[in-house]
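Beneath this line is the structure, given in C-alpha coordinates, with notes to follow.
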Amino acid sequence: MKLGCCIGTNIDKAAALKKHGYDYAELSVNEYANLEESKFAEILSGMKETGISCEAACCFVPSEIKITEPSTDEAVIKDYVARAVYRSSLFGIKTIVFGSGGARKIPDGMPLSEGLGRIVSFLSDIAAPEADKYGIMIAIEPLRFGACNAINTVAQGVKAAEETRRANVMGLADVYHMFYNNDDLKNITKNKGKIAHAHTSYPREVNNKRVCPLKIYDDFDQYDFISPLHAAGCPRLSVEAGFGADYKAEIAESLEVLKDALKRVLADGKD
-16 MKLGCCIGTN IDKAAALKKH GYDYAELSVN EYANLEESKF AEILSGMKET
34 GISCEAACCF VPSEIKITEP STDEAVIKDY VARAVYRSSL FGIKTIVFGS
84 GGARKIPDGM PLSEGLGRIV SFLSDIAAPE ADKYGIMIAI EPLRFGACNA
134 INTVAQGVKA AEETRRANVM GLADVYHMFY NNDDLKNITK NKGKIAHAHT
184 SYPREVNNKR VCPLKIYDDF DQYDFISPLH AAGCPRLSVE AGFGADYKAE
234 IAESLEVLKD ALKRVLADGK D
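In my numbering, the protein residues as written are -16 to 254.
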(Lines of atoms letter the chains of each structure in order from A and count residues from 1; the text may use other names and numbers.)
(Lines give C-alpha, C1' and ligand atoms only; values in the text may rest on other atoms or scores of the structure.)
Protein backbone atom coordinates (compact mmCIF):
# COMPACT_ATOMS: atom_id res chain seq x y z
CA MET A 1 0.00 0.00 0.00
CA LYS A 2 1.40 3.38 -1.02
CA LEU A 3 1.16 6.33 1.37
CA GLY A 4 0.42 9.86 0.23
CA CYS A 5 -0.99 13.20 1.34
CA CYS A 6 -3.50 15.71 -0.02
CA ILE A 7 -1.84 19.01 -0.90
CA GLY A 8 -4.11 20.82 -3.36
CA THR A 9 -1.70 22.30 -5.89
CA ASN A 10 0.90 23.57 -3.42
CA ILE A 11 4.33 22.93 -4.94
CA ASP A 12 6.23 23.64 -1.72
CA LYS A 13 4.14 21.03 0.08
CA ALA A 14 4.75 18.57 -2.75
CA ALA A 15 8.49 19.07 -2.37
CA ALA A 16 8.19 18.49 1.37
CA LEU A 17 6.35 15.21 0.80
CA LYS A 18 9.14 14.05 -1.48
CA LYS A 19 11.80 15.02 1.03
CA HIS A 20 10.10 13.19 3.89
CA GLY A 21 9.51 9.97 1.99
CA TYR A 22 5.89 9.94 0.92
CA ASP A 23 5.12 7.74 -2.07
CA TYR A 24 2.89 10.25 -3.83
CA ALA A 25 0.96 13.51 -3.62
CA GLU A 26 -2.81 13.80 -3.94
CA LEU A 27 -3.81 16.96 -5.81
CA SER A 28 -7.14 18.81 -6.10
CA VAL A 29 -8.76 18.65 -9.52
CA ASN A 30 -10.87 21.76 -9.12
CA GLU A 31 -7.76 23.81 -8.31
CA TYR A 32 -6.26 23.21 -11.75
CA ALA A 33 -9.11 22.23 -14.07
CA ASN A 34 -10.18 25.77 -14.95
CA LEU A 35 -6.86 27.59 -14.75
CA GLU A 36 -5.52 29.64 -17.63
CA GLU A 37 -3.11 27.61 -19.73
CA SER A 38 -0.04 29.53 -18.58
CA LYS A 39 -0.85 29.10 -14.89
CA PHE A 40 -1.66 25.43 -15.35
CA ALA A 41 1.63 24.89 -17.19
CA GLU A 42 3.46 26.58 -14.30
CA ILE A 43 1.91 24.23 -11.73
CA LEU A 44 2.44 21.17 -13.90
CA SER A 45 6.10 22.04 -14.38
CA GLY A 46 6.56 22.81 -10.71
CA MET A 47 5.08 19.50 -9.62
CA LYS A 48 7.29 17.57 -12.00
CA GLU A 49 10.37 19.40 -10.73
CA THR A 50 9.70 18.23 -7.16
CA GLY A 51 10.09 14.62 -8.26
CA ILE A 52 7.03 13.49 -6.30
CA SER A 53 4.66 11.12 -8.05
CA CYS A 54 1.18 12.66 -8.41
CA GLU A 55 -0.97 9.54 -8.41
CA ALA A 56 -4.31 10.74 -7.03
CA ALA A 57 -6.51 13.82 -7.12
CA CYS A 58 -9.62 14.69 -5.13
CA CYS A 59 -12.30 17.41 -5.40
CA PHE A 60 -13.33 16.29 -8.88
CA VAL A 61 -16.37 18.47 -9.62
CA PRO A 62 -16.85 22.00 -8.22
CA SER A 63 -20.04 22.75 -6.32
CA GLU A 64 -21.30 25.18 -8.95
CA ILE A 65 -21.71 22.34 -11.45
CA LYS A 66 -24.85 20.60 -10.18
CA ILE A 67 -24.79 17.17 -11.77
CA THR A 68 -28.12 16.17 -10.20
CA GLU A 69 -30.02 19.30 -11.26
CA PRO A 70 -32.20 18.75 -14.36
CA SER A 71 -31.56 22.37 -15.39
CA THR A 72 -27.78 21.95 -15.60
CA ASP A 73 -26.51 22.09 -19.18
CA GLU A 74 -24.98 18.69 -19.97
CA ALA A 75 -22.56 20.37 -22.38
CA VAL A 76 -21.10 22.34 -19.46
CA ILE A 77 -20.60 19.13 -17.49
CA LYS A 78 -18.97 17.33 -20.41
CA ASP A 79 -16.67 20.25 -21.19
CA TYR A 80 -15.50 20.49 -17.59
CA VAL A 81 -14.96 16.74 -17.19
CA ALA A 82 -13.02 16.43 -20.45
CA ARG A 83 -10.67 19.26 -19.48
CA ALA A 84 -10.33 18.13 -15.85
CA VAL A 85 -9.54 14.53 -16.73
CA TYR A 86 -7.13 15.44 -19.52
CA ARG A 87 -5.20 17.80 -17.26
CA SER A 88 -5.16 15.15 -14.54
CA SER A 89 -3.57 12.74 -16.99
CA LEU A 90 -0.72 15.19 -17.60
CA PHE A 91 0.23 14.95 -13.91
CA GLY A 92 0.17 11.17 -14.13
CA ILE A 93 -2.94 10.81 -11.97
CA LYS A 94 -4.07 7.20 -11.55
CA THR A 95 -7.17 7.77 -9.42
CA ILE A 96 -9.62 10.67 -9.30
CA VAL A 97 -11.70 10.89 -6.14
CA PHE A 98 -15.36 11.75 -6.64
CA GLY A 99 -16.46 13.34 -3.37
CA SER A 100 -17.88 16.63 -4.64
CA GLY A 101 -20.68 16.88 -2.09
CA GLY A 102 -21.97 20.19 -3.41
CA ALA A 103 -22.06 18.94 -6.99
CA ARG A 104 -23.81 15.64 -6.26
CA LYS A 105 -26.24 16.85 -3.58
CA ILE A 106 -29.76 15.71 -4.41
CA PRO A 107 -32.07 18.75 -4.69
CA ASP A 108 -34.93 19.22 -2.24
CA GLY A 109 -38.03 17.48 -3.48
CA MET A 110 -36.21 15.09 -5.81
CA PRO A 111 -36.71 11.41 -4.96
CA LEU A 112 -33.55 9.73 -3.69
CA SER A 113 -33.74 7.09 -6.40
CA GLU A 114 -33.85 9.74 -9.12
CA GLY A 115 -30.92 11.65 -7.65
CA LEU A 116 -28.81 8.53 -7.29
CA GLY A 117 -29.71 7.59 -10.84
CA ARG A 118 -28.42 10.93 -12.06
CA ILE A 119 -25.15 10.43 -10.17
CA VAL A 120 -24.71 6.96 -11.64
CA SER A 121 -25.49 8.28 -15.13
CA PHE A 122 -22.95 11.06 -14.74
CA LEU A 123 -20.31 8.51 -13.83
CA SER A 124 -21.20 5.85 -16.38
CA ASP A 125 -21.97 8.09 -19.36
CA ILE A 126 -19.61 11.04 -18.91
CA ALA A 127 -16.88 10.67 -16.29
CA ALA A 128 -15.86 7.02 -16.64
CA PRO A 129 -15.51 6.98 -20.45
CA GLU A 130 -13.41 10.14 -20.33
CA ALA A 131 -11.21 8.78 -17.55
CA ASP A 132 -10.84 5.47 -19.33
CA LYS A 133 -9.11 7.23 -22.25
CA TYR A 134 -6.16 7.83 -19.94
CA GLY A 135 -6.33 4.71 -17.79
CA ILE A 136 -7.68 6.65 -14.81
CA MET A 137 -9.81 5.10 -12.06
CA ILE A 138 -12.66 7.02 -10.42
CA ALA A 139 -13.20 6.34 -6.71
CA ILE A 140 -16.58 7.28 -5.24
CA GLU A 141 -16.06 8.87 -1.83
CA PRO A 142 -18.83 8.36 0.74
CA LEU A 143 -19.33 11.60 2.68
CA ARG A 144 -20.59 12.31 6.19
CA PHE A 145 -24.30 13.06 6.41
CA GLY A 146 -23.65 16.72 7.11
CA ALA A 147 -21.63 17.10 3.90
CA CYS A 148 -23.97 15.44 1.41
CA ASN A 149 -27.32 13.66 1.26
CA ALA A 150 -26.25 11.01 -1.26
CA ILE A 151 -23.80 8.11 -0.89
CA ASN A 152 -22.75 8.18 2.75
CA THR A 153 -21.36 4.70 3.45
CA VAL A 154 -18.73 2.46 1.93
CA ALA A 155 -21.42 -0.02 0.90
CA GLN A 156 -23.43 2.72 -0.82
CA GLY A 157 -20.34 3.91 -2.68
CA VAL A 158 -19.53 0.41 -3.89
CA LYS A 159 -23.15 -0.16 -4.91
CA ALA A 160 -23.18 3.05 -6.96
CA ALA A 161 -19.89 2.04 -8.58
CA GLU A 162 -21.28 -1.36 -9.51
CA GLU A 163 -24.39 0.24 -10.98
CA THR A 164 -22.26 2.21 -13.44
CA ARG A 165 -21.13 -1.10 -14.99
CA ARG A 166 -17.76 0.54 -15.60
CA ALA A 167 -14.56 -1.26 -14.62
CA ASN A 168 -12.83 2.04 -13.84
CA VAL A 169 -15.33 3.14 -11.18
CA MET A 170 -14.84 1.76 -7.67
CA GLY A 171 -15.40 2.61 -4.03
CA LEU A 172 -13.37 4.54 -1.44
CA ALA A 173 -13.05 4.48 2.33
CA ASP A 174 -12.42 7.60 4.41
CA VAL A 175 -11.91 7.06 8.13
CA TYR A 176 -13.29 10.50 9.07
CA HIS A 177 -16.56 10.14 7.17
CA MET A 178 -16.91 6.54 8.34
CA PHE A 179 -16.48 7.59 11.96
CA TYR A 180 -19.12 10.32 11.84
CA ASN A 181 -21.58 8.09 9.98
CA ASN A 182 -21.01 5.11 12.29
CA ASP A 183 -19.92 3.11 9.25
CA ASP A 184 -18.23 0.00 10.68
CA LEU A 185 -14.63 -0.49 9.52
CA LYS A 186 -15.53 -4.13 8.86
CA ASN A 187 -17.52 -2.88 5.87
CA ILE A 188 -14.21 -2.26 4.12
CA THR A 189 -13.21 -5.91 4.30
CA LYS A 190 -16.69 -6.94 3.16
CA ASN A 191 -15.95 -5.13 -0.10
CA LYS A 192 -12.66 -6.81 -0.93
CA GLY A 193 -11.39 -5.86 -4.37
CA LYS A 194 -13.82 -2.97 -4.63
CA ILE A 195 -11.96 -0.19 -2.77
CA ALA A 196 -9.66 1.78 -5.07
CA HIS A 197 -8.47 4.47 -2.68
CA ALA A 198 -8.62 5.67 0.93
CA HIS A 199 -8.24 8.79 3.06
CA THR A 200 -7.14 8.95 6.66
CA SER A 201 -6.73 11.42 9.52
CA TYR A 202 -7.54 11.39 13.20
CA PRO A 203 -11.22 10.38 12.96
CA ARG A 204 -12.57 12.97 15.39
CA GLU A 205 -12.47 16.70 14.83
CA VAL A 206 -10.31 18.77 17.16
CA ASN A 207 -11.57 22.33 17.70
CA ASN A 208 -13.99 21.78 14.80
CA LYS A 209 -11.19 20.84 12.42
CA ARG A 210 -10.06 17.62 10.79
CA VAL A 211 -6.51 16.95 11.94
CA CYS A 212 -3.64 14.74 10.80
CA PRO A 213 -2.82 11.43 12.53
CA LEU A 214 -0.26 12.55 15.10
CA LYS A 215 1.03 10.42 17.98
CA ILE A 216 -0.80 12.56 20.52
CA TYR A 217 -4.09 11.16 19.24
CA ASP A 218 -3.36 7.73 20.64
CA ASP A 219 -6.97 6.77 21.35
CA PHE A 220 -7.25 5.69 17.71
CA ASP A 221 -4.78 3.23 16.22
CA GLN A 222 -4.35 3.66 12.45
CA TYR A 223 -3.76 -0.09 12.39
CA ASP A 224 -7.51 -0.53 12.83
CA PHE A 225 -8.13 1.29 9.54
CA ILE A 226 -5.14 0.09 7.55
CA SER A 227 -5.72 -3.57 8.39
CA PRO A 228 -9.11 -3.83 6.62
CA LEU A 229 -7.83 -1.66 3.78
CA HIS A 230 -4.94 -4.06 3.24
CA ALA A 231 -7.28 -7.05 3.41
CA ALA A 232 -9.53 -5.39 0.83
CA GLY A 233 -6.61 -4.79 -1.53
CA CYS A 234 -6.68 -0.99 -1.41
CA PRO A 235 -3.56 0.28 -3.25
CA ARG A 236 -3.21 3.81 -1.84
CA LEU A 237 -3.91 5.71 1.37
CA SER A 238 -3.70 9.51 1.61
CA VAL A 239 -3.65 11.75 4.64
CA GLU A 240 -6.51 14.23 4.20
CA ALA A 241 -6.49 16.73 7.04
CA GLY A 242 -5.50 20.14 8.26
CA PHE A 243 -1.99 20.79 9.51
CA GLY A 244 -0.61 23.15 12.11
CA ALA A 245 2.06 25.82 11.87
CA ASP A 246 4.90 23.31 11.50
CA TYR A 247 3.75 21.53 8.34
CA LYS A 248 6.98 19.64 7.73
CA ALA A 249 7.13 18.25 11.26
CA GLU A 250 3.51 17.12 11.12
CA ILE A 251 3.74 15.39 7.74
CA ALA A 252 6.86 13.60 8.97
CA GLU A 253 5.15 12.44 12.15
CA SER A 254 1.98 11.45 10.29
CA LEU A 255 4.00 9.31 7.90
CA GLU A 256 5.80 7.70 10.82
CA VAL A 257 2.46 6.81 12.41
CA LEU A 258 1.12 5.32 9.18
CA LYS A 259 4.30 3.38 8.41
CA ASP A 260 4.30 1.90 11.90
CA ALA A 261 0.68 0.79 11.52
CA LEU A 262 1.30 -0.62 8.05
CA LYS A 263 4.37 -2.50 9.30
CA ARG A 264 2.26 -4.18 11.98
CA VAL A 265 -0.44 -5.03 9.44
CA LEU A 266 2.09 -6.62 7.10
CA ALA A 267 3.63 -8.54 10.00
CA ASP A 268 0.23 -10.10 10.68
CA GLY A 269 0.38 -11.82 7.32
CA LYS A 270 3.77 -13.44 7.87
CA ASP A 271 4.13 -17.06 8.98
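Note that the Cβ used here is the ideal one computed from N, Cα and C, for glycine as well.
Endpoints, beta strand (DSSP E) assigned at residue i
i        : result
MET153   : 152 to 157
GLY85    : Premise fails: GLY85 lies in the alpha helix (DSSP H), 84 to 87, not in any beta strand (DSSP E).
ASN(-10) : Correcting the residue type first, residue -10 is Ile in the shown sequence and not Asn. That run of the beta strand (DSSP E) goes -15 to -9.
ALA122   : 120 to 123
Selected residue, minimal CA-CA separation from residue i, among the options
i      : options                           : result
ASN123 : VAL44, TYR69, LEU197 and VAL189   : At residue 123 the sequence reads Ile, which differs from the Asn that was named. The candidate whose alpha carbon is nearest that of ILE123 is VAL44.
ALA215 : ASN170, ILE48 and GLU188          : ASN170
ALA179 : CYS217, LYS198 and GLU188         : CYS217
ALA250 : SER221, ARG219 and ILE209         : ILE209
ARG66  : GLY154, ARG101, ASN13 and GLY100  : ASN13
GLY29  : SER11, ALA(-2) and PHE128         : ALA(-2)
PRO196 : LYS173, THR172, ILE26 and ALA224  : ALA224
LEU245 : ASP166, ASP115, VAL103 and ASP204 : ASP204
PHE23  : ILE60, SER71, ILE(-10) and ASP6   : SER71
Enclosing alpha helix (DSSP H) for residue i [first to last residue]
i      : result
ILE79  : Careful: ILE79 lies outside any alpha helix (DSSP H), inside the beta strand (DSSP E) at 78 to 81.
LEU99  : 95 to 104
SER107 : Unbroken run through SER107: none, as it is neither H nor E.
Alpha-carbon spacing of residue i relative to residue j, whole angstroms
i      : j        : result
ASP207 : LEU168   : 8 Å
ASP254 : LEU(-14) : The predicted position of ASP254 is uncertain, since its pLDDT is 43 and thus under 50; no value can be drawn from it.
ASP243 : LYS77    : 25 Å
ALA181 : CYS41    : 11 Å
LYS231 : LYS31    : 20 Å
ILE109 : ASP201   : 43 Å
LYS175 : VAL158   : 17 Å
SER107 : ILE26    : 30 Å
Cβ neighbours of residue i in the same chain (closer than 7 Å, five flanking residues each side left out)
i      : result
ALA111 : ILE121, THR147, ARG149, ASN151 and VAL152
LYS198 : GLU236 and VAL240
ALA39  : GLY(-13), TYR7, GLU9, ILE76, LYS77, THR78, VAL80, HIS180, ARG219 and SER221
Cβ neighbours of residue i in the same chain (closer than 6 Å, five flanking residues each side left out)
i      : result
LEU0   : CYS(-12), ALA8 and ILE35
THR55  : LYS49
ALA130 : GLY84
ARG127 : HIS160, TYR163 and ASN164
What beta strand (DSSP E) runs, 3 residues minimum, are completely inside the stretch 6 to 60? For the stretch 6 to 60, whole beta strand (DSSP E) runs of length 3 or above, ordered along the chain, are 7 to 11 and 37 to 41.
Quick one: which unbroken beta strand (DSSP E) runs of 3-plus residues sit fully inside the stretch 125 to 207? Chain order, please. Listed in chain order, the complete beta strand (DSSP E) runs (minimum 3 residues) inside the stretch 125 to 207 are 152 to 157 and 178 to 183.
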